[in-house]
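The block underneath contains the structure these notes are about, expressed in structure tokens.
Protein chains in written order, with our numbering: chain A, 1077 to 1498; chain B, 71 to 315.
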């Protein structure tokens, strides 16, 4: 009996030890190698159409479709990193497949970087930047891709640029770190898609301090052909579980697109844009993000009504050319996700509620406070095993037919994702 | 007069022995910190969350630390977490997610891995940087220290800490300000990592708040190494991989 117990204990201790040993990925004798990773998303979406919507009328002009539409697609994110000492080459790609005749490839990032010294760093190529402290909106995101407030953590396309960075740490209580970023952006206004005029090169600068336990950035964007902008942002934990952040930006000669007398009009305005927000973690491990965003360059309620009427008239005209032109104007000048001036954003996320491990329900809502319309989503994420994730994501758009979000082509949608990481 | 003299003597004794005790306790805590980890080091760790049904979730991380309160950590696996990085500078903590492309502030109470460990456990800096010793007991087997957080931003208000006579940490109980036991950390399997680093290689934690769940931290390599201060800055978070040799 005693011998059996000892054997069991020994076996137990052996398996215990085995459990705790592990291999280090690309271990200690790390050689120069290309590491690939990414994810494959399989997405099925169901949409309930809002047939009265002018956007619906333009998108599916003169087509008789069912009330419920669906889409099935694959998205493949492939990332590659090659690192040797102080030099690295990095790649991020995105491919989207609907059918053999509808496949898109996007080069999100491709850049090389080098640590010039302990303090300075140089990067050249196409890189995604993310300036600003806001979660859903970034008034100071001068070099950022256009963010989707519904999914701010989505990987997006970068900016073809050169970035020099200098950073310095201090042994003082007041300032612990500072850094300076200088980004040079060749003009996107090219001749034959290859050559641009040197004076049209844009320059963006950011100065960062960790000042009295607060992150503070000062930004400047200089351009001869694009609007000049200056801004500041901050982020600080005002309580151990409560973070506060804000951004403010001023701009000059920002183009503002309007519909006046049923035609496109461009005004150049000076103004400000700002955001204030909090991130709060409560005792239930629920994270709440609340943000308010204002943009002087956004449309007023009256201006949005004029824009919406323009779309209604284009559809009602029965003229395919007018509808095509209106769709082009929408695509070129009104394609942003937040066209108006004031928005409230709320996101509540609760990882593993009631001990339901690997399950994370979230709820977010974006309210256009100018016209009262809103979009609400409830993404439910479940990661049953390592490197596999299921997401069920219902979305509801509410508001009257003349409002920004109530005039979208869908009343609600349901997305089902299967995500494989590798 | 005798009473006054006695009072003066007792006051004097208290004034002399109070700081001396406190100094002894805090000196001991510093030595326990030093035995636990070199002041500046790099390490590989595995974090394992074990569910009541035996299922596991595992993360492998690369960690670098400098001084008393600077620490950065990079997730190496699983693939879904690879490239994520966390940074701690004193009470400031940030999380970098590659897709997001910028660090966001997080708190010591959150958990980037789920399970019983929170960020304060995973990104633990020197105990002497965050706590003062308020009570010290010595017995035949070793020491029992009672610690009080230096300020309210520290994850646990009070700790009870057990150490061997050799001043090697064996157990910590973490308490909230109200005196509720939040979790217990047990330091096990002492291992010689080389370079005079001899420390527990396994930390197990369980909590009455997560009944029947167990989280384990396993140290694989711990090496003294010095880093530039600039490594512990927000801009460097996306480049920690370059430190691995």
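Glycine residues also receive a C-beta, built at the ideal position from the N, C-alpha and C atoms.
Is residue 1415 (chain A) helix, strand or coil by DSSP? coil
Cα separation between residue 1540 (chain A) and residue 1495 (chain A)? The displayed coordinates of chain A run from 1077 to 1498. Any statement about residue 1540 (chain A) would go beyond what the structure contains.
Roughly how many angstroms lie between the CA atoms of residue 284 (chain B) and residue 1315 (chain A), to the nearest whole one? 29 Å
Throw me the rounded Cβ distance for the residue 166 (chain B) and residue 308 (chain B) pair, which I believe falls under 8 Å. 6 Å
Which partner residues of residue 1148 (chain A) appear in the DSSP bridge assignment? A:1120
In three-state terms, what does DSSP make of residue 1210 (chain A)? Correct three-state label for residue 1210 (chain A): coil.
Using CA atoms only, rank isn't needed, just tell me which of A:1189, A:1438 and A:1339 is closest to residue 1409 (chain A). A:1339
Within the 8 Å Cβ cut-off, does residue 295 (chain B) reach chain A? no
Check whether the segment 1224-1239 of chain A and the segment 1177-1186 of chain A are in contact - that is, three or more C-beta pairs closer than 8 Å. Yes: at least three Cβ pairs fall under 8 Å.
Would you report the Cα separation of residue 233 (chain B) and residue 244 (chain B), rounded to the nearest angstrom? 15 Å
Considering only DSSP beta bridges, list what residue 1290 (chain A) is partnered with. A:1287 and A:1312
By the three-class DSSP mapping on this structure, what secondary structure does residue 1434 (chain A) have? coil
Could you say if the segment 1117-1132 of chain A and the segment 1161-1168 of chain A meet the contact criterion of at least three C-beta pairs nearer than 8 Å? no
Less than 8 Å between the C-beta atoms of residue 170 (chain B) and residue 1414 (chain A), yes or no? no
Starting from the N-terminal side, write out each stretch of the beta strand (DSSP E) that is 3 residues or longer and does not extend beyond the segment 206-238 of chain B. 212-219 and 228-234
Which residues of the segment 168-180 of chain B have a Cβ closer than 9 Å to any Cβ of chain A? Give them in chain order. 168, 169, 170, 171, 172, 173, 174, 175, 176, 177, 178, 179 and 180
So with CB distances below 7 Å, who are the chain B contacts of residue 1270 (chain A)? Result: empty, since nearest Cβ-Cβ is about 28 Å, beyond 7 Å.
Own chain, CB closer than 6 Å to residue 1180 (chain A), minus 5 neighbours either side, in chain order: Exclusion of the five residues before and after residue 1180 (chain A) leaves 1172 as the residues of its chain whose Cβ lies within less than 6 Å of its Cβ.
Continuous alpha helix (DSSP H) stretch holding residue 1135 (chain A): start and end: 1130-1135
Cut-off 6 Å between Cβ atoms - residues of its own chain near residue 1343 (chain A), not counting five sequence neighbours on either side: 1332
Cβ closer than 7 Å: which chain B residues qualify as neighbours of residue 1427 (chain A)? 184
Beta-carbon neighbours of residue 305 (chain B), restricted to chain A and to distances below 7 Å: 1241, 1243 and 1255
Run the CB neighbour count on residue 1267 (chain A), radius 10 Å, all protein chains shown included, and call it buried at 16 or more, exposed below. exposed
I need the straight-line Cα distance from residue 145 (chain B) to residue 1418 (chain A), nearest angstrom please. When only Cα atoms are considered, residue 145 (chain B) and residue 1418 (chain A) end up about 38 Å apart.
So, residue 1323 (chain A) versus residue 1215 (chain A), is the Cβ gap smaller than 8 Å? Yes; because the gap between Cβ atoms is below 8 Å, this pair is in contact.
How about residue 1310 (chain A): is its C-beta nearer than 8 Å to some C-beta of chain B? no
Would you say residue 1203 (chain A) and residue 1239 (chain A) are within 8 Å of each other, going by their C-beta atoms? Their beta carbons are under 8 Å apart, which means residue 1203 (chain A) touches residue 1239 (chain A) by this criterion.
Which of the three DSSP states, helix, strand or coil, is assigned to residue 312 (chain B)? helix
With 8 Å as the limit, tell me which residues of the segment 1442-1469 of chain A have their beta carbon closer than that to any beta carbon of chain B; keep them in chain order. 1459, 1462, 1463 and 1465
Inspect the CB distances between the segment 1302-1321 of chain A and the segment 1356-1369 of chain A and report whether three or more fall short of 8 Å. yes
Looking at the unbroken alpha helix (DSSP H) that takes in residue 1387 (chain A), where does it start and where does it end? 1377-1392 is the extent of the alpha helix (DSSP H) around residue 1387 (chain A).
From residue 190 (chain B) to residue 1435 (chain A), what distance separates their C-alpha atoms? 23 Å
Along the chain, where does the alpha helix (DSSP H) containing residue 1405 (chain A) start, and where does it finish? It spans 1396-1409 - the alpha helix (DSSP H) in which residue 1405 (chain A) sits, taken as one unbroken run.
As assigned by DSSP and simplified to three states, the class of residue 138 (chain B): In the three-state DSSP reduction, residue 138 (chain B) falls in the coil class, being neither helix nor strand.
As assigned by DSSP and simplified to three states, the class of residue 99 (chain B): Helix at residue 99 (chain B).
DSSP three-state call for residue 1343 (chain A): helix, strand or coil? strand
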